[in-house]
Amino acid sequence: NIFTAENNEIIKAASFYTENTGTATYEVSIYTNPLVATNPTSGTKVSTATLTSDLSGYHTVEFPTPATVKAGDTFAIVLKTTTSDLTPAKSYYENDKIIADGSTTVEITANAGESFVSTNGSSWTDVQEIDNVYGNLKIKAYSIDNKTLAKPVITSVKPGDTKATITWNPVAGATKYEVIKYANSTY
21 NIFTAENNEI
31 IKAASFYTEN
41 TGTATYEVSI
51 YTNPLVATNP
61 TSGTKVSTAT
71 LTSDLSGYHT
81 VEFPTPATVK
91 AGDTFAIVLK
101 TTTSDLTPAK
111 SYYENDKIIA
121 DGSTTVEITA
131 NAGESFVSTN
141 GSSWTDVQEI
151 DNVYGNLKIK
161 AYSIDNKTLA
171 KPVITSVKPG
181 DTKATITWNP
191 VAGATKYEVI
201 KYANSTY
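Under my numbering, think of the first position of the sequence shown as 21, with each following residue one higher.
If you want it as structure tokens, here you go:
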């Protein structure tokens, strides 16, 4: 799936849904800023996580190297599936409408240019162009905000014999502060 970052974010994990029978290996990669809108692997590969499982359902993997993206950047989460018995991997889509209890309808937005499938990893088809497919692949990205906080403004420094007292104004959003001593060209 190709996503557009809504904020400055750090992509830490991804999830996907499978119903493959037998053992399968899932290679999940992050690509930033795909150069070709119809090829999710045309960007820069940032990180890959691998999972082998014989269970169907939702799986979540954490990336060993998270990807940093800025608001408006595009990035792709690409899932490569290899089955142990060489049966074709199954792709699962979110349905256009889900009706629960016969009374609730949930609309799922699926647009061209968001989900792609490939049998060889180089030639991609937009799932919106496949007959009888309504929705996107069940691949999700998990991120945290990447906020750049202001530097604290020091309001006073009181030196002492064996210690110094430093006072600063609080910084909005800061959860902790770290003071590092620098003397004689070393920290």
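A virtual CB, placed ideally from N, CA and C, is assigned to each residue, including glycine.
{"query": "Applying the criterion that 16 or more other CB atoms from any shown protein chain within 10 Å of the CB defines a buried residue, is N40 buried or exposed?", "result": "buried"}
{"query": "With a Cβ-Cβ cutoff of 7 angstroms, do I22 and E134 count as a contact?", "result": "yes"}
{"query": "Quick one: give me the first and last residue of the beta strand (DSSP E) that D165 is part of.", "result": "I159 to D165"}
{"query": "For K117, is the classification buried or exposed, using 16 other Cβ atoms within 10 angstroms of its Cβ as the cut-off for buried?", "result": "Bear in mind that a pLDDT of 47 at K117, under 50, signals an unreliable position, so the number given afterwards is only what the model happens to contain. K117 comes out exposed."}
{"query": "Out of I50, K160, T61 and D93, point me to the one whose CA is closest to F83's CA.", "result": "I50"}
{"query": "Identify, in the order they occur along the chain, each residue of the same chain with its Cβ nearer than 8 angstroms to the Cβ of I174, setting aside the five sequence neighbours on each side.", "result": "I186, T187 and W188"}
{"query": "Tell me which same chain residues have a C-beta within less than 8 angstroms of the C-beta of D93, skipping the five on either side of it?", "result": "T24, A25, T52 and N53"}
{"query": "Can you grab the Cα-Cα spacing for the pair T103 / A161, in whole Å?", "result": "23 angstroms"}
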